[in-house]
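Quick note on numbering: the sequence shown equals residues 292 to 786 in the numbering used here.
What follows is a short report on a single structure.
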Amino acid sequence: MGSHQKVNYGDKPILLFTSIPATGHITPTLRIASALHARGWPVFYLGPTAHKATISATGVQFLPFLDDADFNDLTYFVPQGEGAITEKDAVVQGTTSEPTWRDRVFSDFREFFISPIPARHRSLCAALTHIHQLFPPSSARVVVVAESTSNFLLPLFHGAPLPPSIPKPIGSIALSVMIPPLRSVDIPPLVSEPIEFDTTPAYRERVAKIWRDWEMETRGLKELLVEKVEQAGGKDFAKAMETREREKGRESWALLSGECFVGYDHVCQIGVESWFYKTEEGWPANWRFVGAVPKSVPVLEEAKQALVDEVKLAREKEGKKVVVVAQGTVEIDPRHLILPTIQALGGREEDTLVVAILGHRGRTLPKDVAVPANAKVVDYLAYDAILPHTDVFVSNAGYGAVMHGIGHGVPMVVAGEEQDKKENVVRVQWRGHGVKLSKSWRDDKEYVKELAEAVGKIMDEEEGREVRKRAMELKEEADSIDCIKTVEECLSSYL
Numbered sequence: 292m293g294s295h296q297k298v299n300y301g302d303k304p305i306l307l308f309t310s311i312p313a314t315g316h317i318t319p320t321l322r323i324a325s326a327l328h329a330r331g332w333p334v335f336y337l338g339p340t341a342h343k344a345t346i347s348a349t350g351v352q353f354l355p356f357l358d359d360a361d362f363n364d365l366t367y368f369v370p371q372g373e374g375a376i377t378e379k380d381a382v383v384q385g386t387t388s389e390p391t392w393r394d395r396v397f398s399d400f401r402e403f404f405i406s407p408i409p410a411r412h413r414s415l416c417a418a419l420t421h422i423h424q425l426f427p428p429s430s431a432r433v434v435v436v437a438e439s440t441s442n443f444l445l446p447l448f449h450g451a452p453l454p455p456s457i458p459k460p461i462g463s464i465a466l467s468v469m470i471p472p473l474r475s476v477d478i479p480p481l482v483s484e485p486i487e488f489d490t491t492p493a494y495r496e497r498v499a500k501i502w503r504d505w506e507m508e509t510r511g512l513k514e515l516l517v518e519k520v521e522q523a524g525g526k527d528f529a530k531a532m533e534t535r536e537r538e539k540g541r542e543s544w545a546l547l548s549g550e551c552f553v554g555y556d557h558v559c560q561i562g563v564e565s566w567f568y569k570t571e572e573g574w575p576a577n578w579r580f581v582g583a584v585p586k587s588v589p590v591l592e593e594a595k596q597a598l599v600d601e602v603k604l605a606r607e608k609e610g611k612k613v614v615v616v617a618q619g620t621v622e623i624d625p626r627h628l629i630l631p632t633i634q635a636l637g638g639r640e641e642d643t644l645v646v647a648i649l650g651h652r653g654r655t656l657p658k659d660v661a662v663p664a665n666a667k668v669v670d671y672l673a674y675d676a677i678l679p680h681t682d683v684f685v686s687n688a689g690y691g692a693v694m695h696g697i698g699h700g701v702p703m704v705v706a707g708e709e710q711d712k713k714e715n716v717v718r719v720q721w722r723g724h725g726v727k728l729s730k731s732w733r734d735d736k737e738y739v740k741e742l743a744e745a746v747g748k749i750m751d752e753e754e755g756r757e758v759r760k761r762a763m764e765l766k767e768e769a770d771s772i773d774c775i776k777t778v779e780e781c782l783s784s785y786l
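Okay, here's the thing in structure tokens:
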């Protein structure tokens with residue numbers, strides 16, 4: 292990484308940010324990192340080289356992941372060429388002939404969250420060595436801010452060594468950018484099939500059985516996690532987790548029961564507290580809700596700025612309703628949501644404008660897709676540029692998209708089937724700021740019909756009143772929290 296002239300930032304510790312190498316996790320983590328950099332904190336970001344340009348453009352100092360930690364999500368999740376399958380699908384299909392939703396989730400656990408743990412620890416060692424070359428010993432005080440699903444500090448928390456003469460970080464903050472995988476008598480495992488929340492004895496018995504089944508089903512993944520932590524130099528990780536669970540009155544440790552948060556001084560949860568279920572256990576003492584990430588002020592290319600201006604004009608001058616549909620950056624097959632939305636609203640040219648966001652720069656719809664006159668298709672567009680001018684946000688319920696919907700007070704129509712999206716969908720319906728689709732995109736005409744009805748319900752003056760009201764209430768709750776100030780309050784414990 293090279294050596295440079297030593298610098299000094301006074302009393303402020305050096306912040307080393309990191310996250311798993313996935314766009315949906317990098318984006319909120321980087322937004323916070325760059326905001327702290329703008330306030331005078333010395334900030335480094337340890338990340339994938341595929342995102343180096345994006346990270347460096349914020350002014351934050353980029354440091355690269357090493358070896359298989361340097362994962363390229365842009366090729367893993369996005370098919371490279373028309374008719375191609377993704378690297379992820381190739382991996383999943385290599386393990387089973389008919390991959391299910393659960394097969395795909397478990398593949399992500401193996402490939403994305405667990406297997407790179409030793410390389411992530413080597414990357415940490417290299418990053419700390421580089422930082423200590425830059426700063427005099429008196430000011431080389433490092434606080435690690437790690438997006439929690441990266442499992443970044445698990446080896447260090449359990450005794451993995453650092454290079455000689457490199458001291459341990461003086462502090463650690465976990466940044467949670469999704470529903471946190473915590474164990475509770477009231478909530479089943481995060482990526483199990485969602486069930487309607489309740490607190491009755493019968494419901495809790497059901498939750499307990501789901502956890503028992505989950506523990507059996509994920510035993511191999513848990514063993515892989517232990518193996519990778521130990522390969523990185525961690526010791527007695529499994530024993531420590533089992534002891535922790537027994538102290539909580541449980542017989543054994545199950546995957547996704549909070550192990551990714553153990554050891555951190557603080558946990559900063561993106562989101563608002565009222566969006567989450569109230570459980571018997573409550574939130575850990577070191578937990579802080581930081582609201583929505585700071586909104587960006589995107590500088591758009593000329594064509595995209597023209598699109599936003601056209602949308603504003605249609606809404607403000609022509610009285611049209613604006614519907615934005617997006618599938619995030621992972622599950623981007625347009626048959627799942629974008630094409631059905633365009634089809635569902637294609638007959639409403641007089642009163643509705645649809646903006647479809649494809650999720651990655653340069654991406655286009657298949658050539659045989661007929662786009663109706665009231666639909667505008669764009670490869671990539673920042674949510675903060677378009678949601679202020681939106682009446683309904685149709686999404687497959689990635690956590691980041693849901694939080695953007697809350698941050699802008701836009702009611703949602705949600706339908707998601709991968710990763711944590713099924714649970715996010717249920718939460719949106721439960722909190723009342725959106726409508727959950729019950730059909731699958733595979734149902735074709737029935738799905739399109741349900742989608743049109745859901746959008747129509749939200750836009751209806753009377754029928755959609757409560758949904759719109761709840762969306763604004765959540766926005767007001769988010770607006771009452773200064774995200775960066777709250778993070779800085781945690782950082783103040785190291786000054």
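Cβ coordinates follow ideal geometry from the N, Cα and C atoms, glycine included.
Exercise. Helix or strand or just coil, what does DSSP make of Q371?
Worked result: The predicted model places Q371 with a pLDDT of 47, which falls under 50 and marks its position as unreliable, so this point remains unresolved.
For H316, tell me which candidate among F448, N363, F353 and M469 has the shortest Cα-Cα distance.
M469
| request: Kindly provide the ranges of any beta strand (DSSP E) runs that are 3 or more residues long and lie completely inside the stretch 635-711, ordered along the chain. | output: Uninterrupted beta strand (DSSP E) stretches at least 3 residues long and entirely within the stretch 635-711 occur at 643-648, 666-669, 683-686 and 703-705, given in chain order.
Ignore the nearest five residues each way along the sequence and tell me which others in P585's own chain have a CB closer than 8 Å to its CB.
R322, I323, A326, C774 and I775, listed in sequence order.
For N363, which option in F403, K611, A529 and H724 has the closest C-alpha, if you only look at C-alpha atoms? Among F403, K611, A529 and H724, the Cα nearest to that of N363 is on F403.
* Given a cut-off of 8 Å, decide if L481 and E708 are closer than it, judged by their beta-carbon atoms. => no
Spatial neighbours of A375 in its chain, beta-carbon cut-off 8 Å, leaving aside the 5 residues before and after
With a pLDDT of only 45 at A375, under 50, the local geometry of the prediction cannot be trusted, and the value read off the model is given with reservation. Closer than 8 Å at the Cβ level, and outside the excluded window around A375, lies no residue.
* Below 6 Å CB to CB, which residues in the same chain sit around Q371 once its five sequence neighbours on both sides are set aside? => Here the model assigns Q371 a pLDDT of 47, short of 50, so the residue's position is not dependable and the matter cannot be decided.
Is it the case that the CB of S456 approaches a heavy atom of the ligand SAH more closely than 7 Å? For the structure depicted, the ligand SAH is absent and the ligand set is empty, with no information on it obtainable.
Query raised in the report: If you check the beta carbons only, do I422 and F335 fall under 8 Å apart?
Result: Yes, they are a contact pair.
**Message:** Restricting to Cα atoms, I'd like to know which of V517, V778 and F397 is closest to E508.
**Reply:** F397
Practice item. Can you give me the start and stop residues for the beta strand (DSSP E) that A341 sits inside? Key: Note, A341: premise wrong, no beta strand (DSSP E); not H, not E.
Whether V520 touches H449 by CB criterion (8 Å)
yes
- Item | Through-space distance from V433 to L782, alpha-carbon basis | 11 Å
* DSSP three-state call for A431: helix, strand or coil? -> coil
Rounding to the nearest angstrom, what Cα-Cα distance links K727 and K712 in this structure? 12 Å
DSSP three-state assignment for P472, whether helix, strand or coil: coil
Checklist entry - Unbroken alpha helix (DSSP H) runs of length 4 or more, entirely within the stretch 578-628: which are they? => result 593-607
Label P458 either buried or exposed according to how many other C-beta atoms from any shown protein chain fall within 10 Å of its C-beta, with 16 as the threshold for buried.
exposed
Less than 7 Å between C-beta atoms, sequence neighbours within five positions excluded: which residues of the same chain meet that for L591? V599 and A676
Review point. Quick one, are the C-beta atoms of A523 and P409 less than 8 Å apart?
Key: yes
**Report entry** Coil, strand or helix - I464 by DSSP
**Finding:** strand
- Query: From Y674 to V563, what does the alpha carbon distance come to, in whole angstroms?
  - Reply: 19 Å
Practice prompt. Give me the Cα-Cα distance between P625 and S686, rounded to the nearest whole angstrom.
Written response: Answer to the nearest angstrom: the Cα atoms are 12 Å apart.
Quiz prompt | Among E622, E744 and L649, nearest to D399 - alpha-carbon criterion | solution = E622
Exercise. Pairing CB atoms from the stretch 692-703 with CB atoms from the stretch 626-636, are three or more of them under 8 Å?
Worked result: no
Note down the Cα distance separating E780 from H328, rounded to an integer number of angstroms.
15 Å
query: So G723 packs on K766, CB below 8 Å; how close in whole Å?
result: Not quite, the Cβ-Cβ distance comes to about 13 Å (not below 8 Å), so this is no contact.
Legend entry - Separation of R393 from V383, as counted between CA atoms: Residue placement at V383 is poorly supported in this model, since its pLDDT is 48, which falls under 50; the coordinates still yield a value, given next. For V383 and R393, the distance between alpha carbons rounds to 10 Å.
(request) Measure the alpha-carbon distance for I561 versus T777 and round it to whole angstroms. (result) 11 Å
Item to check | Neighbourhood of Y568 by C-beta distance below 7 Å, restricted to the same chain and skipping five residues each side | outcome: In chain order, D477, I478 and F488 place their CB closer than 7 Å to the CB of Y568, counting only its own chain and leaving out the 5 sequence neighbours on each side.
query: Can you tell which of G637, D682 and R579 has the C-alpha that lies nearest to the C-alpha of G610?
result: D682
**Message:** Using a 10 Å radius around the Cβ and a threshold of 16 neighbouring Cβ atoms, would you call L307 buried or exposed?
**Reply:** buried
| field | Three-way DSSP call (helix, strand, coil) for K727 in this model | value | strand
### Query
What separation, rounded to the nearest whole angstrom, lies between the Cα atoms of A605 and P446?
54 Å
Specify whether the stretch 483-499 and the stretch 726-740 touch according to this definition: at least 3 beta carbon pairs, one from each stretch, less than 8 Å apart.
Contact between the stretch 483-499 and the stretch 726-740 is absent: fewer than 3 CB-CB pairs across the two stretches fall below 8 Å.
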